[in-house]
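When we follow our numbering, the leftmost residue of the sequence shown carries the number -8, and every step to the right adds one.
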Amino acid sequence: MKPSRKNLASRKGSRPPDLETRAPQGGRRVSVLWLKNFAGLFLLPVAWVWTLSFFGLLARETVQHRFWSTEEFRCFTFGALLWGLCFGTGIYWRGEPWPLRVYVFGHELTHAVWAWLFHGKVHEFRVSREGGHILTDKPNLWVTLAPYFYPIYSVALVVGFFFACLFFDFKAGPLDWWRGAPSPLGFFILFLGASWSFHFTFTIWMIARGQSDLRMHGNFFSIVLIYIMNLVLLSLHLAIALPHAGFRVFGAELLRHSEDFSDAVWRFFAGALHRL
-8 MKPSRKNLAS RKGSRPPDLE TRAPQGGRRV SVLWLKNFAG LFLLPVAWVW
42 TLSFFGLLAR ETVQHRFWST EEFRCFTFGA LLWGLCFGTG IYWRGEPWPL
92 RVYVFGHELT HAVWAWLFHG KVHEFRVSRE GGHILTDKPN LWVTLAPYFY
142 PIYSVALVVG FFFACLFFDF KAGPLDWWRG APSPLGFFIL FLGASWSFHF
192 TFTIWMIARG QSDLRMHGNF FSIVLIYIMN LVLLSLHLAI ALPHAGFRVF
242 GAELLRHSED FSDAVWRFFA GALHRL
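Have a look at this one:
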């Protein structure tokens, strides 16, 4: 069983997107998928620089400022590990993760939400335990790949949290029913970690099983783009959560690693030209 394997199609009766460009008569046809996968090579430096910046800042803050001892880090990590345990247990005992239908619903809903963001229309929305699909007139790149980098349940949790902050004080101290219990804000972060882990584990599991969404735009290009977008989202969380850092610090980290990468590329090509 491979849930959510149906193509994200355009409106019934409409022409499917062309998979190749046509050159003038006598010329050669160039596959659009080939071009997209080739373009994925130019995204690799972005992925490399962003990876160094994210993990470098996280490691520095963890060691120098003891970020690992904060309530935010502990709760988020515990929530992520707790869901990871549930995910692994489901695969071990059932041969597939649980709850599959909840993921499929969120997957197809994300397609629909992003289609609406691009002013598209959703003509059909189907979800079952075996899979699901939507029909839309905006099957572009972002609509197709959104479920793999847009954790819709985490987004819903954050929106609900900000709405609840209008009525409750989530910065109150630990709860009284258990000594050492996290604050209400800590419990929110715990659920946020679990929901992000839900997105991450299902994304890896689905990609490993093969997805028509990725093949539509080229597997290599799609995977690199999905990786970058997930890393951007994690960087946003990190910049908000770190007490001694922020967007300016992370931006400086990105700039530093970008300059180091460009200098390394320049030295490589300069050395190659010198040898020639």
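For each residue, glycine too, the CB sits at the ideal point set by N, CA and C.
Note that the coordinates shown come from a computational prediction; the quantities given were computed from them, not determined experimentally.
Closest in C-alpha terms to V215, from the list L32, G237 and S22, comes L32. If you compare the alpha carbons of T68, F29 and N210 with that of I180, the shortest gap goes to T68.
Considering only G47, I217, P90 and F178, the residue with the shortest C-alpha distance to E62 is F178.
Annotated as proximal: W196 and P88, with beta-carbon spacing under 8 Å.
Between S22 and L35, the alpha-carbon positions lie close to 21 Å from each other.
Under the three-state reduction of DSSP, L43 is assigned to helix.
Secondary-structure assignment with DSSP links R117 through a beta bridge to H124. If you check the CB distance, P138 and H98 come in under 8 Å.
Cβ neighbours of T194 within its own chain (closer than 7 Å, five residues either side excluded): Y139. Under the three-state reduction of DSSP output, S203 falls in the helix class. Take the alpha-carbon of W133 and the one of W105: they are about 7 Å apart. The C-beta distance from A199 to G70 rounds to 23 Å, too long to fall under 8 Å, and the pair is not in contact. Distance from the CA atom of W257 to the CA atom of V40, rounded to whole angstroms, is 16 Å.
S213 carries a helical assignment under DSSP once its states are collapsed to helix, strand and coil.
Segment contact: the stretch 239 to 247 against the stretch 257 to 266, fewer than three CB-CB distances shorter than 8 Å; contact not assigned.
Spatial neighbours of C66 in its own chain (CB-CB distance under 6 Å, excluding positions within 5 residues in sequence) are listed in chain order as P173, G177, I180 and L181.
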